[in-house]
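Asker: My questions all concern the structure below.
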Amino acid sequence: MIYPTFGAEAPPASPDMPDAVAELYAEARQVTPVSPRAGAAMLRVALEILVRELTGKPKQSLYEGIGELVKDGTLNADMQRAADLLRLGGNNAAHPGELRQDDGPAQAFSLFELMNMIVEHVVAKRRRISAMFDRLEPSQLEAIERRDTPPDGP
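Here the sequence shown is numbered in the UniProt record's numbering, starting from 1 and rising by one per residue.
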């Protein structure tokens, strides 16, 4: 029997999602209806790629990377929780005996929402704000620069 396996229940990737992350996200959407565990594990890897891109540390663990993004203010408390939910959901899917019997496609599909929320917070909002900032007049940019530059002297 042939049937579509494309994850209609999973939301499409945010248009602001980095390409390497979006590629894994799309693949996870395809496999999740057949294997929720595989989809969840792939989303965890996608998050790891995103976090490493944001921190600039390609060998950093996901746990440490999330912590660093919290410390530098990139992730607020809600986004830290979203990242940890996604991290743990993917971890549980990848380790034998840790995915509960009642965890199925619905549980895995919630991880897609979390990934899009994180991308919206750390990528999309920043891009929109930067684009607006770039449209400021030079005199306005200079005034901001003066305000943010510490005064000289003791």
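We put the beta carbon where it would ideally sit given N, CA and C, even for glycine.
Please read all numbers here as calculations on a predicted model, not as lab measurements.
1. So Thr54 and Ala82 are supposed to be a Cβ contact under 8 Å. How far apart are they, rounded?
2. With burial defined as no fewer than 16 other Cβ atoms inside 10 Å of the residue's Cβ, what is the status of Val21: buried or exposed?
3. Taking the continuous alpha helix (DSSP H) assigned at Gly73, which residues delimit it?
4. Closer than 6 Å by C-beta to Tyr25: which residues in its own chain qualify, once you throw out the five before and the five after it? Chain order, please.
5. Looking at the secondary structure, which residues open and close the alpha helix (DSSP H) in which Gln140 lies?
6. What's the C-alpha gap between residue 173 and Arg128?
7. Exposed or buried, which one is Phe112 when buried takes at least 16 other CB atoms within 10 Å?
8. Is it the case that the Cβ atoms of Ala124 and Pro15 are separated by a distance below 9 Å?
9. Could you check if Gln107 belongs to the surroundings of the ligand NAD, using beta carbon to heavy atom distance under 8 Å?
10. Less than 8 Å between the CB atoms is what I'm expecting for Ala40 and Ala93, so what's the real figure, rounded?
11. Which residues in the same chain have their Cβ closer than 8 Å to the Cβ of Glu120, if we skip the five residues on either side of it in sequence?
12. Using only alpha-carbon positions, find the residue among Gln140, Phe109, Met117 that is nearest to Thr32.
13. Could you tell me if Pro58 is buried or exposed, where buried requires 16 or more neighbouring beta carbons within 10 angstroms of its beta carbon?
14. Drop a sphere of 10 angstroms on the beta-carbon of Gly56, count the other beta-carbons inside from all chains shown, and report buried for 16 or more, exposed for fewer.
Answerer: Taking the geometry as given:
1. What you label residue 54 is simply residue 54 of the sequence shown in a count that begins at 1. What you label residue 82 is simply residue 82 of the sequence shown in a count that begins at 1. Reading off the sequence shown, one finds Leu at residue 54, where the question assumed Thr. Going by Cβ atoms, the distance from Leu54 to Ala82 rounds to 14 Å, so no, they are not a contact pair.
2. Residue numbering aside, residue 21 sits at position 21 when the sequence shown is read from its first letter. Buried is the call here.
3. As a working note, residue 73 is residue 73 in the sequence shown. Where Gly73 is concerned, there is no enclosing alpha helix (DSSP H), given that its DSSP letter is neither H nor E.
4. Walking along the sequence shown from the start, residue 25 turns up at place 25. Excluding positions up to five away in sequence, the list reads Ala13, Ala46.
5. Along the sequence shown, one-based indexing puts residue 140 at 140. Per DSSP, Gln140 belongs to the alpha helix (DSSP H) from 138 to 148.
6. In the structure as shown, the chain begins at 1 and stops at 154. Residue 173 is therefore absent and cannot be evaluated.
7. Start at 1 with the first residue of the sequence shown, and residue 112 comes out as number 112. Buried, since its Cβ has 16 or more Cβ neighbours within 10 Å.
8. Along the sequence shown, read from residue 1 onward, the residue named residue 124 stands at position 124. Along the sequence shown, read from residue 1 onward, the residue named residue 15 stands at position 15. Taking 9 Å as the Cβ cut-off, Ala124 and Pro15 qualify as a contacting pair.
9. Among the components of this structure there are no ligands whatsoever, and the ligand NAD is therefore not found.
10. As a first step, residue 40 is located in the sequence shown; it is residue number 40 there, counting from the start. As a first step, residue 93 is located in the sequence shown; it is residue number 93 there, counting from the start. Contact flag correct, Cβ pair sits at about 4 Å.
11. Your numbering for residue 120 matches position 120 in the sequence shown. Taken in chain order, the residues that qualify are Ser14, Asp16.
12. Here residue 32 refers to the residue found at position 32 of the sequence shown. Ranking the options by Cα distance to Thr32, first place goes to Phe109.
13. Position 58 of the sequence shown, counting from 1, holds the residue named residue 58. The residue in question, Pro58, is exposed, as its Cβ has fewer than 16 Cβ neighbours within 10 Å.
14. By 1-based counting over the sequence shown, the position of residue 56 is 56. Classification of Gly56: exposed, given that the 10 Å Cβ count is below 16.
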